[in-house]
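For the record, in the sequence shown the residue sitting at position 131 is 140 according to our numbering, with numbers rising by one throughout.
Yeah, the Cβ is synthetic: ideal placement off N, Cα and C, and Gly gets one too.
Right, one structure below, let's go through it.
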Amino acid sequence: MCAYIDVKYISMCSSLLEKFKQKTSSLWNFRCPICGDSQKNKSKARGFIYEKQNKYFYRCHNCEFGTSFSKFLEKINPSLHREYVTEQYKEKKLVKPTVSTSKFNFVPEFNNVLQGLQTISSLEKNHPAREYLERRLIPERYFSKLYFCTEFKKWTNKVSPNKFPTLKGDTPRLVIPFFDKKNNIIGFQGRSFDPKDACKYITINERS
Ligand SMILES: [Zn+2]
C-alpha cells in the first residue's frame, strides 16, 4: 500500500464528512458517519483516522467502530473506494520499482543507462515534470530515484538499438528504473506526462 495515496484519499473525504479537520500530519477528526455521533450535540466529533506503521485506520470513540481506512472508505463512498483501489494498484509499481529475480547470469549492461539523464530532484521547482509528480502527491524523497528524459524513444534507441524503428511522436517521459536483487538495473519504464497518451507506459527490459 502506498501511504501517500491513503493521505490523498483521506483529504478527499473532507467534503464527505462533517466537521472534518486534520489535527496532525497523521491524525484526522470528524463526526462519525457510522453512528452519526450525537444527534443532539452537533459539535461532537469522535471519529478519527490515524496512522500506525504507515497504515491508516478508522476508529470512533462513540460507537467504538474500528476498521482499516480502505474498509471505512468503502463504507462511506463505494465509488471513491474503487478509484482508491485502482490507484493503489497502479502506483505500487511506480513507487516501489519491481524487484524481479533475474534468471539470467549476465554482465548487467543497463547499469549505466541512466547516466546523462536528469533526476527529477535536480529539476527546477517549476519544471512541468516535477509539478506532475507533485500533483500526483509522490513524496519528494523519491525524486532522486526518478528521471526525466526529453526524447524517450531517441534515448531508448541509444540504450537498446533499434528498439523503436521510428521516432515519430517522440515525447518527454518520466523514467522509472527497475532493479534486480543485486541492485542492477534490468529495465526501465517510460511514463507519459500526457493523460491522453495511448501508450501511457512503455517498458523496456534488458533482454527483450
Ligand atoms: Zn461512531
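CA-CA distance, residue 149 and residue 143? As a first step, residue 149 is located in the sequence shown; it is residue number 140 there, counting from the start. As a first step, residue 143 is located in the sequence shown; it is residue number 134 there, counting from the start. Their backbone Cα atoms lie some 8 Å apart in a straight line.
Work out the CA separation of residue 101 and residue 62 for me, nearest whole Å. The residue labelled residue 62 in the question sits at position 53 within the sequence shown. The residue labelled residue 101 in the question sits at position 92 within the sequence shown. Straight-line spacing of the CA atoms in residue 62 and residue 101 works out to 18 Å.
Beta-carbon separation of residue 89 and residue 41 under 9 Å? As a position in the sequence shown, residue 89 is number 80, starting the count at 1. As a position in the sequence shown, residue 41 is number 32, starting the count at 1. If you check the CB distance, residue 89 and residue 41 do not come in under 9 Å.
Consult DSSP for residue 185 and reduce its assignment to one of helix, strand or coil. Along the sequence shown, read from residue 1 onward, the residue named residue 185 stands at position 176. Note: residue 185 maps to strand in three-state DSSP.
Heavy atom of ligand 1 within 8 Å of residue 196 beta-carbon: Residue mapping note: residue 196 aligns to position 187 of the sequence shown, counting from 1. Relative to ligand 1, even the nearest heavy atom lies 8 Å or more away from the CB of residue 196.
Reducing DSSP to helix, strand and coil, say where residue 213 ends up. Counting from 1 along the sequence shown, the entry for residue 213 is found at position 204. Here residue 213 carries a strand assignment [DSSP, helix/strand/coil].
So for residue 85, helix, strand or coil by DSSP? Numbered from its first residue, the sequence shown carries residue 85 at position 76. If DSSP states are grouped into helix, strand and coil, residue 85 belongs with the helices.
Does the contact criterion of 3 or more C-beta pairs under 8 Å hold for the region 192-205 versus the region 175-183? Touching, yes, given that three or more Cβ pairs across the two stretches are closer than 8 Å.
Length at least 3, wholly inside the region 106-170: the beta strand (DSSP E) runs in chain order: Entirely contained in the region 106-170, the beta strand (DSSP E) runs reaching 3 residues are, in chain order, 156-158.
Which residue marks the beginning of the beta strand (DSSP E) containing residue 77, and which one marks its end? Sequence index remark: in the sequence shown, residue 77 carries index 68 (1-based). Element bounds for residue 77: 75-77.
Taking buried to mean at least 16 other C-beta atoms within 10 Å of its own C-beta, is residue 91 buried or exposed? If you number the sequence shown from 1, residue 91 lands on position 82. With fewer than 16 Cβ atoms within 10 Å of its Cβ, residue 91 is classed as exposed.
Collapsed DSSP secondary structure at residue 91 in the structure displayed: Start at 1 with the first residue of the sequence shown, and residue 91 comes out as number 82. If DSSP states are grouped into helix, strand and coil, residue 91 belongs with the helices.
Can you tell me whether residue 52 is helix, strand or coil according to DSSP? Position 43 of the sequence shown, counting from 1, holds the residue named residue 52. In the structure shown, residue 52 sits in coil (DSSP, three-state: anything other than H, G, I, E or B).
Which term fits residue 49, buried or exposed, when burial requires 16 or more other beta carbons within 10 angstroms of its beta carbon? For this step, residue 49 is matched to residue 40 along the sequence shown. Classification of residue 49: exposed, given that the 10 Å Cβ count is below 16.
When you compare only the Cα positions, how much space is there between residue 195 and residue 131? If you number the sequence shown from 1, residue 195 lands on position 186. If you number the sequence shown from 1, residue 131 lands on position 122. Near 23 Å, if we compare the C-alpha coordinates of residue 131 and residue 195.
Determine the burial state of residue 156: buried for a count of at least 16 other Cβ atoms within 10 Å of its Cβ, exposed for fewer. Position 147 of the sequence shown, counted from the start, is the residue given in the question as residue 156. That one is buried.
Return the first residue and the last residue of the alpha helix (DSSP H) that residue 14 is part of. Start at 1 with the first residue of the sequence shown, and residue 14 comes out as number 5. Unbroken alpha helix (DSSP H) run through residue 14: 12-21.
Buried or exposed for residue 98, please, with buried defined as at least 16 other CB atoms from any protein chain shown within 10 angstroms of its CB. Here residue 98 refers to the residue found at position 89 when the sequence shown is read from its first residue. Here residue 98 is exposed. Its C-beta has fewer than 16 other C-beta atoms within 10 Å.
Would you call residue 38 buried or exposed, if buried means 16 or more other Cβ atoms sit within 10 Å of its Cβ? Looking up residue 38 in the sequence shown gives position 29. When all chains shown are included, residue 38 counts as buried.
Find the nearest neighbour of residue 168 within the set 47, 213, 46, judged by alpha-carbon distance. The count along the sequence shown starts at 1 and reaches residue 168 at position 159. For the residues 47, 213, 46, the minimum Cα distance to residue 168 belongs to 213.
Would you mind reading off the limits of the beta strand (DSSP E) that contains residue 198? The residue labelled residue 198 in the question sits at position 189 within the sequence shown. Here the beta strand (DSSP E) through residue 198 covers 194-201.
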